[in-house]
Amino acid sequence: MDKIKVGIIGFGRMGEMYLDQMMGSGRWDVIYICDTFPAARKAASEKYPGVKVVGDEDVIFNDPEIQAVGLFALADSRKSQIEKAMASGKHILAEKPIAVTSEDEEALAALAETSGVMSAVNLYLRNSWYHRLMKDFIASGEIGELAIIRICHMTPGLAPGEGHEYEGPAFHDCGMHYVDIARWYAESEYSTWHAQGVRMWDWKDPWWLQVHGTFSSGVVFDITQGFVYGQMSRDQTHNSYIDIIGTKGIVRMTHDFKTAVVEMRGVTRTETVERPFGGKNIDVLCNLFADSVESGVRDMRMPEFRDAAIASRFAWRFLDDAMGNALPSIGDNATLEAIRERRRNMKDGYGLLPRR
Ligand SMILES: NC(=O)c1ccc[n+]([C@@H]2O[C@H](COP(=O)([O-])OP(=O)(O)OC[C@H]3O[C@@H](n4cnc5c(N)ncnc54)[C@H](O)[C@@H]3O)[C@@H](O)[C@H]2O)c1
Numbered sequence: 125m126d127k128i129k130v131g132i133i134g135f136g137r138m139g140e141m142y143l144d145q146m147m148g149s150g151r152w153d154v155i156y157i158c159d160t161f162p163a164a165r166k167a168a169s170e171k172y173p174g175v176k177v178v179g180d181e182d183v184i185f186n187d188p189e190i191q192a193v194g195l196f197a198l199a200d201s202r203k204s205q206i207e208k209a210m211a212s213g214k215h216i217l218a219e220k221p222i223a224v225t226s227e228d229e230e231a232l233a234a235l236a237e238t239s240g241v242m243s244a245v246n247l248y249l250r251n252s253w254y255h256r257l258m259k260d261f262i263a264s265g266e267i268g269e270l271a272i273i274r275i276c277h278m279t280p281g282l283a284p285g286e287g288h289e290y291e292g293p294a295f296h297d298c299g300m301h302y303v304d305i306a307r308w309y310a311e312s313e314y315s316t317w318h319a320q321g322v323r324m325w326d327w328k329d330p331w332w333l334q335v336h337g338t339f340s341s342g343v344v345f346d347i348t349q350g351f352v353y354g355q356m357s358r359d360q361t362h363n364s365y366i367d368i369i370g371t372k373g374i375v376r377m378t379h380d381f382k383t384a385v386v387e388m389r390g391v392t393r394t395e396t397v398e399r400p401f402g403g404k405n406i407d408v409l410c411n412l413f414a415d416s417v418e419s420g421v422r423d424m425r426m427p428e429f430r431d432a433a434i435a436s437r438f439a440w441r442f443l444d445d446a447m448g449n450a451l452p453s454i455g456d457n458a459t460l461e462a463i464r465e466r467r468r469n470m471k472d473g474y475g476l477l478p479r480r
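Quick note, the working numbering runs 124 ahead of the 1-based positions in the sequence shown.
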């Protein structure tokens, strides 16, 4: 089987993860890396000397040899890149969100359904072993009827103003993953909600948000997400879990970013499974995508643009709801400055972007 000829756009934190995976897998022939930032191009040329490094994305879209593109820059450039890829018949592996506004995301989702090119988006939780295992356990009937989905993800991660501004506040940038995975479990659409946020450190947007509500099936949910979890604590930690409750049993998961632990308490089975966390599961997505491109048949486990558009729309809606519900401001800008300064000097921290 010939390797798939691919051009990568965006050599930041995510771009580098994809490149390392693709180069190591033997399934991809990475022909181009494109980044608009000279220091990123320099870093890419040094790390991957055999790859053409360019600053103009059109070189990739105009090259008929290129079969697929990886769109790993920021949200503001994704829409036009997706449109160019579709116009030039190139398959698309995209980061989330697929555009800046919900209107554009929905338009792209509709285009993807008729374009004839293969497309997938990195809603990475869907590709994790632990969510797949838990979903199978629920489907087996062990917890009875699915009733309650509770998700929490709080880390001392990306601080306001540090990057990703087109991706929105923490609850959109990161929270849309949890909005998506709750919907994936519920297999139903969001129906009602109430959200509470807090503006930490006098930042304009909430950086912590909790929303609860219902799906149209009646399943209830609560999602808590924030990059506010002890940013200045001497030894940082995080709190991340999912807790799923049925009419008869429960299944839950927690992780420390190294190991994930799934605990299943069903009517006939009690089981604890502990395995390596798996990071962003880029290997799983890249392999599903390569299988789909090679066979010409889309692997339905790959998250679709439509899924990303829906998760993004509801993350924005929950943020909008929080805006109207008191939205207290706690803390000051001096603390935020200290957090940014600390993160600038950290070598090993939560969600650090490359410093080039
Ligand atoms: N799925 C996930 O779990 C996950 C996690 C983190 C980030 N992301 C998404 O991935 C994307 C990239 O995030 P990141 O953390 O790598 O950010 P980053 O800031 O580290 O990297 C972005 C890179 O894109 C480059 N760039 C910006 N505009 C460009 C353009 N028009 N053309 C070419 N290059 C351009 C920048 O110079 C930078 O090198 C974001 O949209 C983010 O939402 C997804």
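Every residue, glycine too, gets a C-beta built ideally from N, C-alpha and C.
Asked                                                                                          : Found
Same chain, Cβ closer than 7 Å to residue 402, neighbours up to 5 away in sequence not counted : 252 and 253
Euclidean distance between Cα positions of residue 293 and residue 372                         : 37 Å
Environment of ligand 1 in chain order, Cβ to heavy atom below 6 Å                             : 133, 134, 135, 136, 137, 138, 139, 158, 159, 160, 161, 164, 181, 196, 197, 198, 199, 201, 219, 220, 246, 248, 287, 288, 291, 297, 404, 477 and 478
Check whether residue 248 and residue 406 have beta carbons under 9 Å apart                    : yes
Residue 246 in three-state terms, based on DSSP                                                : coil
Buried or exposed (CB count within 10 angstroms, at least 16 for buried), residue 393          : exposed
Residue range of the beta strand (DSSP E) that includes residue 273                            : 270 to 278
For residue 362, the three-state DSSP class (helix, strand or coil)                            : coil
Residue 147: first and last residue of the uninterrupted alpha helix (DSSP H) it sits in       : 137 to 149
Between the CA atoms of residue 186 and residue 267 - distance to the nearest angstrom         : 53 Å
Top-ranked residue by Cα proximity to residue 241, from 256, 261, 208 and 250                  : 208
Environment of residue 258 [buried if 16+ CB atoms lie within 10 Å]                            : buried
Whether residue 255 touches residue 141 by CB criterion (9 Å)                                  : no
Euclidean distance between Cα positions of residue 170 and residue 235                         : 37 Å
Check whether residue 262 and residue 367 have beta carbons under 9 Å apart                    : no
Closest by C-alpha distance to residue 143, when choosing among 126, 427 and 168               : 168
Opening and closing residue of the alpha helix (DSSP H) in which residue 410 lies              : 406 to 419
Residue 398 in three-state terms, based on DSSP                                                : strand
CB of residue 245 within 9 Å of CB of residue 222, strictly                                    : yes
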